[in-house]
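Colleague: To convert a position in the sequence shown, counted from 1, into the numbering used here, add 128.
We put the CB at the ideal spot given by N, CA and C, even for glycine.
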Amino acid sequence: MTFSEWITYVFDHPVSEPLQEWYWDSAWEDWDGPAETIVDYVTRTFNQSGTLLSPFSDGQVNQGLNYLINFSCSSYMVALQGEVVSLEDRLRCIDSMATLFKDCFATRCTPYLSHLDEPGVSPLNSVCYMWWDTLPLHGLAHHHPEWPSGPTVDQHILAVIEQGLNLSEACVESSLLGLGEWGHYYPEKIQQIIDDFIEANPGLRPELRNFALWMRARSEK
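1) So is the beta-carbon of P276 under 7 Å away from any non-hydrogen atom of the ligand ADP?
2) With burial defined as no fewer than 16 other Cβ atoms inside 10 Å of the residue's Cβ, what is the status of H141: buried or exposed?
3) Does the contact criterion of 3 or more C-beta pairs under 8 Å hold for the region 214 to 222 versus the region 275 to 284?
4) How long is the line joining the alpha carbons of Y204 and E246, rounded to whole angstroms?
5) Helix, strand or coil for H272, going by three-state DSSP, please let me know.
6) Given a threshold of 16 other Cβ atoms within 10 Å of its Cβ, counted over all protein chains shown, does Q158 qualify as buried or as exposed?
7) In whole angstroms, what is the alpha-carbon distance linking R333 and Y313?
8) Round the Cβ separation of L193 and V249 to the nearest angstrom and send it over; I've been treating them as touching at under 8 Å.
9) Using CA atoms only, rank isn't needed, just tell me which of D217, D261, S132, P251 is closest to E309.
10) So, does the region 168 to 183 touch the region 223 to 240, judging by three or more C-beta pairs under 8 Å?
Given below as structure tokens:
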């Protein structure tokens, strides 16, 4: 499968109402490409998301991105686990998620909070909000101490999550949820990141400030 075919394969599908994503069709077959190629294609998709995904609707992009990262839908993120693909390529892919947030989510998601079910939320807000919760890469150093690169990957992911705190409200909300998910593995680091964020943003929307405090409290348990 070429890269252009990959983009069509992942994103060029109708959005049905009521929502029934195409990848739940029993006749659908995942593309079983080499792990190195999968990481390369995912990285290029995220790095060029501002332009490559512009022809597709928010609903189509939401479906496609969820398909890529949700282990219930596909196994593509397995390529970022373990040591099969080089650490350099895996870190480059994780870095590309920061570009996805900046060039796609920050510009296309609507300024409504998903955790409050506020009206007016774009379909794309869904995958943005749940990104770091859904991505099956939580605490690799904790779950897989046999993987030498685990600690490096963990810290790289946390750095990308933290970058999202400087973007739009939808991205901030996603990063805060992600920090809450990671609080079990790195409680002191997560608490410091959230404390610094709150201190640096005295004019933060009250609902987001409360959400930040809630996510901080999760890391204290």
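Modeller: Per the coordinate set shown:
1) In the structure shown, the ligand ADP is absent, as is every other ligand, since no ligand is present at all.
2) Under this definition H141 is a buried residue.
3) With a cut-off of 8 Å, the region 275 to 284 and the region 214 to 222 count as touching, because enough Cβ pairs lie within range.
4) Y204 and E246 have their C-alpha atoms some 31 Å from each other.
5) It is coil, neither helix nor strand.
6) It is Asp, not Gln, that sits at residue 158 in the sequence shown. Counting Cβ neighbours within 10 Å, D158 comes out exposed, since fewer than 16 surround it.
7) Their Cα atoms are separated by approximately 28 Å.
8) That belief does not hold up - the Cβ atoms of L193 and V249 are roughly 16 Å apart, past 8 Å.
9) Considering only D217, D261, S132, P251, the residue with the shortest C-alpha distance to E309 is D261.
10) Touching, yes, given that three or more Cβ pairs across the two stretches are closer than 8 Å.
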